[in-house]
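Numbering (my numbering), first residue to last: 140 to 261.
Backbone N, C-alpha and C define an ideal beta-carbon position, used for all residues, glycine too.
Given the structure is predicted, the values throughout are model-derived calculations rather than measurements.
Structure, as structure tokens:
Structure below.
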């Protein structure tokens with residue numbers, strides 16, 4: 140039972156962040172690879188399953204509060220599905236080392252952007 144608590148807390152926290160639109164799935168991949176010793180490909184697969192469970196409630200909430208432009212959302216969803224398929228195929232061809240480096244590079248780019256180019260809220 141003891142080994143069950145931390146993964147449940149990590150899932151709950153990243154679920155809350157996902158619902159808020161923060162990118163909890165990316166944090167879930169980070170947790171799975173750094174703390175839970177998953178391989179990058181496995182962590183990405185878990186993240187996709189996780190997204191299937193967390194996206195519908197978040198979408199419902201945002202639609203209910205009229206925070207989604209439906210027409211633009213449908214176009215974005217179609218493009219996202221095509222890009223996800225392409226990304227899954229490319230990740231199968233890439234090795235674990237390359238996936239780790241790309242994911243680390245993404246975090247560096249996000250960190251630099253947030254540190255130096257974040258817009259101030261009015």
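Problem set entry | Touching by the beta-carbon criterion (3+ pairs, under 8 Å), the segment 230-240 and the segment 180-190 | Using a C-beta cut-off of 8 Å, the segment 230-240 makes contact with the segment 180-190, since at least three inter-stretch Cβ pairs fall below that distance.
Problem set entry | Buried versus exposed call for residue 163 [16 or more other C-beta atoms within 10 Å across all chains shown] | Looking at its Cβ environment, which holds 16 or more other Cβ atoms inside 10 Å, residue 163 is buried.
Problem set entry | Supposed close pair residue 193, residue 219 - CB separation, criterion 8 Å | Contact flag wrong, Cβ pair sits at about 15 Å.
Exercise. Helix, strand or coil for residue 161 per DSSP?
Worked result: Coil.
Exercise. Fully enclosed by the segment 201-248, which alpha helix (DSSP H) runs are 4 residues long or longer?
Worked result: Runs of the alpha helix (DSSP H) spanning 4 or more residues and lying entirely within the segment 201-248 occur at 209-232, in chain order.
For this session: Look at the alpha carbon of residue 236 and the alpha carbon of residue 148, and state the distance between them as a whole number of angstroms.
Result: If you take the alpha carbons of residue 236 and residue 148, they lie about 28 Å apart.
Exercise. Rounded C-beta distance between residue 175 and residue 146? I'm assuming under 8 Å.
Worked result: Sure, about 7 Å apart at Cβ, within 8 Å.
Exercise. To the nearest angstrom, how far is it from the Cα of residue 202 to the Cα of residue 245?
Worked result: For residue 202 and residue 245, the distance between alpha carbons rounds to 29 Å.
Problem set entry | Spatially closest choice to residue 187 from 224, 199, 200, by CA coordinates | The candidate whose alpha carbon is nearest that of residue 187 is 224.
Problem set entry | CB contact check: residue 206 to chain C, cutoff 9 Å | Absent from the structure: chain C. Only one protein chain is present.
Problem set entry | For residue 249 and residue 258, the rounded distance between their alpha carbons | The C-alpha of residue 249 is placed about 14 Å away from the C-alpha of residue 258.
For this session: On a CA-only basis, which of 169, 160, 210, 216 is nearest residue 197? Give me that one, please.
Result: For the residues 169, 160, 210, 216, the minimum Cα distance to residue 197 belongs to 160.
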